[in-house]
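Asker: Those letters in the sequence shown? Residues 24 to 522, per my numbering, in order.
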Amino acid sequence: MCGDGIIKLLNQDMERSAFMTLHEAVPLMPESPFQSPITWTIGNDEVWGVTGGNGSGKSLLGDLLCGKIAVKSGIVRYHFLNKAHQSSYAVWQGKHVRKVDFKAAYTLGDFRHAFYQQRFHQSENEEMPEVRDLLPPEGLNEEMRLIFDIFDIPELFDRKLSHLSSGELRKFLVARSFAGQPAMLIFDNPFIGLDEASREELNNLFAFLLRHYPTRLLFLAPSPADLPRCITHIVEMNRCRIRYAGTLDGLAPENAADKNMLPDIHWNHFDQRTIPPKGAELVSLSKVDIVYDKRIIQKNLHWQIKKGEKWALLGPNGSGKSTLLSYIFADNPQAYAKDIRLFGRKRGTGESIWDIKRQVGFTSWEMHFYYRKNIPCHAVVSSGFFDSIGLFRQCTGEQSQLADKILDLLRIGHLKNRPFLKISSGEQRLVLFARAIVKNPLLLILDEPFHGLDEHNKRQCTAIIESFAHQKDKALIYVTHIREEIPRCVTHFMRLEAL
């Protein structure tokens with residue numbers, strides 16, 4: 024047999040064992056960030072993870088696989104479809120290959136006109152859908168019921184979508200994605216918002232699904248440590264190129280940079296001339312019940328935070344951490360009826376919410392979820408001076424320069440004029456982190472700030488947090504499910520247990 028015949032047979036064998044093939048694929052995008060065509064084959068029995076730094080092209084690659092981005096040239100071939108359906112619009116509509124990411128929650132309900140504090144206002148939530156309203160219209164078949172039961176989703180059916188915790192929302196998205204039995208599901212940062220027990224549960228569920236269901240799974244995450252245990256192969260993206268594609272043991276570990284020295288930040292330049300309260304006390308909660316969606320989550324809680332104290336707030340999903348923070352950050356009207364003192368004043372004694380917010384820098388996964396303003400990243404950071412979602416006031420020249428400095432400090436100055444909704448989710452997290460610290464607040468509240476960040480950016484942000492903490496009287500509340508991420512400056516711990 025001639026050489027050409029042997030090559031043809033080898034290609035046929037490869038195609039029979041392949042699930043999906045990309046050959047010299049060039050995405051159809053204006054000002055495409057992809058520097059070279061993409062060639063990659065996913066085998067039928069392979070479970071792939073895609074990693075890479077923030078902005079490296081992971082999510083764009085996932086969008087290409089599920090048809091959200093068309094192909095300018097080259098081939099994206101779905102071997103599970105017959106030739107007549109290779110170019111079917113059903114593929115591009117996500118019928119066969121679906122991507123599930125953090126932003127998918129935005130499409131479940133009408134959040135276009137929702138605002139961040141809305142979930143704490145009962146009267147404002149009447150139009151929000153309940154979880155049962157978002158079940159597949161054809162209902163749940165036996166397989167779907169099993170998946171829902173594994174994740175305890177039926178317990179959430181009567182809850183408003185806006186009342187789900189980050190972990191509950193993530194689990195519902197994962198379970199719901201199996202409706203219609205797609206050929207492949209692509210999960211972007213599957214462990215975002217999940218505590219240790221829920222991550223273990225999700226790891227076990229992925230393994231169960233791979234054993235018992237034909238749906239193939241693919242995962243996107245900023246580092247291999249954020250991928251589930253079931254993966255067999257890995258792709259590493261770098262600047263929208265595939266740097267490596269192969270088995271796990273073939274990936275050379277990234278050379279970890281030396282631990283960041285504390286950056287030389289002149290924090291006094293960032294102070295916005297607020298008047299700190301007299302005395303040492305910043306926050307005081309006495310005999311406080313945490314109530315959310317008419318459910319008592321914590322009872323008789325005591326907590327006092329003094330100037331200069333650095334706290335970690337810990338606890339499983341659903342234990343009330345975010346609601347507790349809403350009392351401190353003046354977002355929750357329930358705080359008026361509780362024994363809470365903030366910055367020297369009891370709630371409900373004539374202070375405005377802006378008097379409180381002026382002293383606080385804040386970011387959270389929920390802030391990320393609701394920050395839907397497609398304004399330049401520089402404006403997003405500048406909105407931190409005014410504690411607004413969007414920028415509705417004119418910055419001073421000094422404030423504009425400070426926003427530039429923070430972006431440069433995080434090495435994302437090149438994003439300053441980019442629309443916020445057009446950058447990657449990891450880059451968005453960095454911009455919102457910059458927004459939280461730009462005014463050098465008296466109290467910095469960071470609710471799981473490292474969601475979706477790569478290891479380099481985690482180290483970078485940690486160094487900035489440590490630098491902030493070296494200032495006299497500055498206080499910190501740091502929320503995380505991952506103890507290894509807690510900055511060294513933290514000396515106090517508050518743990519909430521689920522009732």
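All residues carry an ideal CB built from backbone N, CA and C; glycine is no exception.
Quick caveat, the model's predicted, so the values are computed rather than measured.
1) Compute the beta-carbon to beta-carbon distance between VAL513 and VAL258, rounded to the nearest angstrom, for a pair I have assumed lies under 8 Å.
2) So which of VAL314, VAL123, ILE319, PHE352 has the shortest CA-CA distance to VAL306?
3) Work out the CA separation of LEU337 and ARG511 for me, nearest whole Å.
4) Using DSSP bridges, identify the partner residues of ASP124.
5) Note down, in chain order, each residue of its chain lying with its Cβ closer than 6 Å to the Cβ of PHE174, except the 5 sequence neighbours on either side.
6) Using a Cβ-Cβ cutoff of less than 7 Å, which residues in the same chain neighbour ALA244 once the five nearest sequence positions on both sides are dropped?
7) Find the nearest neighbour of ILE2 within the set LEU432, PHE443, LEU519, GLN422, judged by alpha-carbon distance.
8) Could you tell me which of GLU191, MET167, GLU166, SER185 sits nearest to GLU178, measuring between CA atoms?
9) Measure the Cβ-Cβ separation of PRO50 and ALA93 and say whether it is below 9 Å.
10) Got a sec? Which residues, its chain only, sit under 6 Å from ILE98 by beta carbon, not counting five neighbours each side?
11) If you pair each beta-carbon of the stretch 211 to 226 with each one of the stretch 256 to 275, do three or more pairs fall below 8 Å?
12) Label TRP388 either buried or exposed according to how many other C-beta atoms from any shown protein chain fall within 10 Å of its C-beta, with 16 as the threshold for buried.
13) Shortest alpha-carbon distance to ALA41 belongs to which of THR297, THR64, SER59, PRO53?
14) Quick one: measure Cβ to Cβ for GLN58 and ARG266, integer angstroms, because I've assumed they're closer than 8 Å.
15) Using C-beta distances below 7 Å, list every residue in its chain close to LYS344, excluding the 5 sequence neighbours before and after it, in chain order.
16) Would you report the Cα separation of HIS493 and LEU348, rounded to the nearest angstrom?
17) Please identify the residue among GLY216, MET167, ARG318 whose C-alpha is closest to the C-alpha of PHE392.
18) Tell me the start and end of each unbroken beta strand (DSSP E) in the stretch 354 to 385 that is at least 3 residues and wholly inside, in chain order.
19) I'd like to know whether the C-beta atoms of LYS95 and MET52 end up nearer to each other than 9 Å.
20) Applying the 10 Å Cβ sphere with the 16-neighbour rule, what's the burial state of PRO160?
21) Among the residues of its own chain, which have a CB less than 6 Å from the CB of LYS81, if the five just before and after it don't count?
22) With DSSP collapsed to three states, give me the class of LEU414.
23) When DSSP labels each residue in this structure, what does THR44 get in the three-state scheme?
24) Alpha carbon to alpha carbon, how far is ASP68 from GLN204?
25) When you compare only the Cα positions, how much space is there between ILE488 and MET517?
26) With a CB to CB cut of under 7 Å and the five nearest residues on each side skipped, what residues in its chain are close to GLU450?
27) From which residue to which residue does the beta strand (DSSP E) around TRP326 run?
28) When we look at the beta-carbon of PHE293 and count the other beta-carbons within 10 Å, is it buried (16 or more) or exposed?
29) Quick check: LEU467 and ALA498, are their CB atoms within less than 9 Å of each other?
30) Are the beta-carbon atoms of ALA459 and LEU469 separated by less than 9 Å?
31) Assuming contact is defined by CB atoms lying nearer than 9 Å, are PRO464 and GLN382 in contact in what I supplied?
32) Starting from ASN463, trace the beta strand (DSSP E) in both directions and tell me its first and last residue.
33) Please go through the same chain and pick out, in chain order, the residues whose beta-carbon is closer than 7 Å to the beta-carbon of ARG264, but skip the five residues on each side of it.
34) With a CB to CB cut of under 8 Å and the five nearest residues on each side skipped, what residues in its chain are close to ILE446?
35) Return yes when the Cβ of GLY475 is within less than 9 Å of the Cβ of ARG506, no when it is not.
36) Just how far apart, CA to CA, sit ILE298 and GLU471?
Answerer: Per the coordinate set shown:
1) In fact, because the Cβ distance is near 35 Å, the residues do not count as touching under 8 Å.
2) PHE352
3) 15 Å
4) DSSP lists no partner for ASP124.
5) LYS194, ALA198
6) GLY72, THR74, ASN212, LEU250
7) Residue coverage of the chain in this structure runs from 24 to 522, which leaves residue 2 outside it and unanswerable.
8) The residue with the shortest Cα to Cα distance from GLU178 is GLU191.
9) yes
10) HIS46
11) no
12) buried
13) It is THR64.
14) The Cβ separation is near 11 Å, so there is no contact.
15) Around LYS344: LEU336, GLY338, VAL502, LEU519.
16) Approximately 23 Å, taken between the alpha carbons.
17) GLY216
18) 363 to 365
19) Cβ atoms of LYS95 and MET52: closer than 9 Å.
20) exposed
21) VAL73, GLY75, LEU243, MET260
22) coil
23) strand
24) 18 Å
25) Straight-line measurement puts the Cα of MET517 at about 19 Å from the Cα of ILE488.
26) ASN77, GLY78, ILE435, LEU438
27) 318 to 329
28) buried
29) Yes, these two residues count as a Cβ contact at 9 Å.
30) yes
31) Yes, the pair counts as a contact, with Cβ atoms nearer than the cut-off.
32) Premise fails: ASN463 is in no beta strand (DSSP E) and is neither H nor E.
33) GLN58, SER59
34) Excluding five sequence positions before and after ILE446, the CB atoms of its chain that fall closer than 8 Å to its own CB belong to GLY78, CYS400, LEU438, VAL454, given in chain order.
35) no
36) Rounded to the nearest whole angstrom, the C-alpha separation of ILE298 and GLU471 is 28 Å.
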